[in-house]
Amino acid sequence: MRLWIIIALAGIGTYGIRLSVLALVHHSRLPVAARSALRFVMPAVLAAIILPAVVYAGGSGDFDIGPGNERVLAALASGAVAWASKSVWATIGVGMAALWVLQWLG
Amino acid sequence: MSTLDASAQSARSEFFAGVRAQAPLLLGVAPFGMAYGAYAVKAGLPTGLAQAMSAIVFGGASQFVAVRLIANEVPGAVIVLTVLLVNARHMLYSASLAPYTDHLARRWRWLLAYLLTDEAYATAIARYRRGTAAHAHWFFFGTSIALWTTWQVATAVGVFVGAAVPDSWSLDFALPLTFIALLVGALKGRPALAAAAVAGVIATVGFRWPYGTGLLTAILAGMAAGIIAHAALGADDEEMLAP
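First to last, the protein sequences are chains A and B.
All residue numbers for the first sequence refer to my numbering, where the first residue is 1 and numbers rise by one.
All residue numbers for the second sequence refer to my numbering, where the first residue is 1 and numbers rise by one.
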């Protein structure tokens, strides 16, 4: 029972965070500086999730940007494909294929 | 075709476009959900609670942290506050999407807020940046309910069967790869580039900071870098659609 209450409170609080500006406080009430900063949430969060997942070996191991970390080369290849093709499936296809081939070779 | 038919068709096509946009991310989400389910049961959580947490909290990283803290018999208040800290970045997603959803009925906003995650935010904001349309919220709903459904099913597989996908398949790499494709589309102008560079570096430095504080700090620092770069470069480097 105690654990259920803890999870319920964590869930209600998380829902409150997600509701905050979407449904509870209108975004026009935010300071102008905060609203202009929100344009940068998307590039910031994407980069902040991508980079650690690439530069730590296996996505969570030791920091490694040398040739021993297959993810660095695979990510660079997928970045080039993303740039040229604008296709998510081409990006992920090349990236996964590159990773698997490099892991198999290594 | 009547107007009503056209409207329903537009909603349906937005919904399925949202599902398709989420599909590559599901490659990584499915094994992650299974890993969560298997981990929660192994850590001693009752199966019902392990499963329910995926619907009640619905946030992968925060669920892993909660399981670890429960297993370590940490006080309940600390567990709740830690989960909220890990999920604090969702407030930024909520604020970032709000201008696009403020015309919707309340039930829509309360539904979409419940379904808001990293993956849903990334695909939904990319959709809104391409332009708004009358039924764009159906894209948001499609992309987030696809993730929600996958997360619940994957949790159940993990809880009742175990983690079925070996780590050596590296399917977790599907998430950064999909985000690379979305990021390349979002990097318009030097302020956005500055935001991404600063956020990426700080997230790397802070990767082992506790409870997602590295990620949260990185996003906030990236936003600050974007603002500073924008101010320094002036309005002639105007890069993106507002807001």
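Using N, Cα and C, we set each Cβ at its ideal position, and we do this for glycine too.
These numbers come from a predicted model, not from an experiment.
In this structure, the alpha-carbon of tyrosine 100 of chain B lies about 10 Å from that of histidine 27 of chain A.
Listed in chain order, the alpha helix (DSSP H) elements of length 4 or more contained wholly in the region 170 to 212 of chain B are 174 to 186 and 190 to 205. In the DSSP secondary-structure assignment, phenylalanine 63 of chain A is bridged to A:Tyr56. Glycine 37 of chain B places its beta carbon 8 Å or farther from that of alanine 146 of chain B. The contact set of tryptophan 110 of chain B on chain A, defined by CB atoms closer than 8 Å, consists of Leu19 and Ala23 in chain order. At a cut-off of 8 Å between C-beta atoms, glycine 79 of chain A counts as an interface residue with respect to chain B. Proximity of proline 52 of chain A to chain B, defined by a Cβ-Cβ separation below 8 Å, is satisfied. Counting C-beta pairs with one atom in each stretch, the region 123 to 141 of chain B and the region 7 to 17 of chain B have three or more that are closer than 8 Å, which means they touch.
For threonine 82 of chain B, the three-state secondary structure derived from DSSP is helix. Proximity of chain A to leucine 187 of chain B at the Cβ level (cut-off 8 Å) is accounted for by Pro43, in chain order. Alanine 44 of chain A places its beta carbon less than 8 Å from that of alanine 195 of chain B. Taking all protein chains shown into account, histidine 103 of chain B has fewer than 16 neighbouring C-beta atoms within 10 Å of its C-beta and is therefore exposed. Within the same chain, Cβ atoms closer than 8 Å to the Cβ of leucine 69 of chain B are found at Val78, Ile79 and Thr82, the five residues on either side in sequence being excluded. Judged by their CB atoms, arginine 89 of chain B and leucine 182 of chain B are not nearer to each other than the 8 Å cut-off.
In the three-state DSSP reduction, lysine 42 of chain B falls in the helix class (H, G or I). For threonine 155 of chain B, the three-state secondary structure derived from DSSP is helix. Between the alpha carbons of valine 94 of chain A and aspartate 172 of chain B lies a gap of roughly 15 Å. A check of alpha carbon separations from arginine 39 of chain A across B:Leu175, B:Thr213 and B:Arg129 identifies B:Arg129 as the nearest. Phenylalanine 139 of chain B and alanine 120 of chain B have their alpha carbons spaced roughly 10 Å apart.
In the DSSP assignment, glycine 16 of chain A falls within the alpha helix (DSSP H) that extends over 2 to 19.
Neighbourhood of arginine 71 of chain A in chain B, by CB distance below 9 Å: Ser170, Phe173 and Pro176, in chain order. Cβ-Cβ separation between valine 72 of chain A and valine 54 of chain A: approximately 6 Å, consistent with a contact (criterion under 8 Å).
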